[in-house]
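Protein chains in written order, with my numbering: chain B, 19 to 136; chain W, 19 to 136.
There are 2 protein chains.
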Amino acid sequence: MDSVGEILGSLAVELKRGTLVLTVLSQLITKEYGYSLVQKLEEKKVPIEAGTLYPLLRRLEKQGLLQSEWDTGESRPRKFYVLSEKGKDVYIQLKDEWRTISKQMEILLREEEKNEPD
Amino acid sequence: MDSVGEILGSLAVELKRGTLVLTVLSQLITKEYGYSLVQKLEEKKVPIEAGTLYPLLRRLEKQGLLQSEWDTGESRPRKFYVLSEKGKDVYIQLKDEWRTISKQMEILLREEEKNEPD
DNA sequence: TACAATAGTGTATGACGTACAGTATAATAA
DNA sequence: TTATTATACTGTACGTCATACACTATTGTA
């Protein structure tokens, strides 16, 4: 049987799981490259491991939601990503989905708090 | 390459994924049995398959977050579940975690909408 | 009597973030 | 000049867990 901390840790990972894609899509309305995106999300208190982000970017591109292009003009080559047209469509709909889920959850939680406040 | 519908479907599943545990914990501050819980969540527009709920209830009990007891007084035996003390603790903390993530996500989404409205 | 509803158990599969290992080179510090 | 850090990315095995069924049993209703 796990401790409260361990259980919370893994549940928090699950909570973040789906939000990761929405987070990343939301940041790629304007083009970004991977390393910069890791840093920007860090600043916005939404930390993400580079080892998580890069595979996710590739998967989203494979699914046609992102487009990438290499910029080799700088001292280091950088792979820029931006939402494709399909990606914009998915982003808008996923945003709505998120808000629906978020609202429903808040309703459930408030109902229970009303019945039995902490 | 998948269609928008397919991609949205699987992303929506991921969005719901973590919220499932919080949803179920929130409904078990007062004791419930599985079949009734499926129906109540259906009414609250948070549908969940019975085949998803029963294994989840067992897993949460195994983790010590729920306690169960059989009620064999009715015509059909029913397994009632309720939060344990540990479960109440996890529930409160997970609720906070949810609200943090929810707020952060909303900030990210509003920032992007400000920059480039739909 | 047949079918639907009630109530639950069991489990293989697929999706995906985590947690690394790894590569390469430019920039900076010593 | 050398060592270390920062920048930037690729690759992949593993663990977790919801889904999607199959299944069982019996009560209640048509």
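Glycine included, C-beta positions come from ideal geometry on N, C-alpha and C.
So that I know if they touch, is there some Cβ in chain B lying closer than 8 Å to that of Leu29/W?
yes
CA-CA distance, Glu92/W and Asp20/B?
If you take the alpha carbons of Glu92/W and Asp20/B, they lie about 34 Å apart.
Counting along the chain, where does the alpha helix (DSSP H) carrying Glu87/W start and finish?
Per DSSP, Glu87/W belongs to no alpha helix (DSSP H); it is in the beta strand (DSSP E), 84-89.
Sheet register partners of Glu50/W (DSSP bridge)
Tyr99/W
In the structure shown, what three-state DSSP assignment does Val31/W receive?
helix
With DSSP collapsed to three states, give me the class of Glu24/B.
helix
Can you pull the chain W residues whose beta carbon is under 8 Å from the beta carbon of Thr41/B, in chain order?
Met123, Leu126
Could you tell me whether the Cβ atoms of Leu29/W and Leu101/B are closer together than 8 Å?
No, these two residues do not count as a Cβ contact at 8 Å.
Does DSSP put Lys121/W in a helix, a strand or coil?
helix
Residue environment, Val31/B, which counts as buried when at least 16 other CB atoms sit within 10 Å
Exposed: under 16 other Cβ atoms inside 10 Å.
Looking at Thr37/B and Leu59/W, is the spacing between their C-beta atoms short of 8 Å?
no
8 Å is my cut-off, CB to CB: does Ile25/W come that close to chain B?
yes
Decide yes or no for the touch test of the stretch 39-58 of chain W against the stretch 103-120 of chain W: beta carbon pairs closer than 8 Å, at least 3 of them.
yes
How about Trp88/B: is its C-beta nearer than 8 Å to some C-beta of chain W?
no
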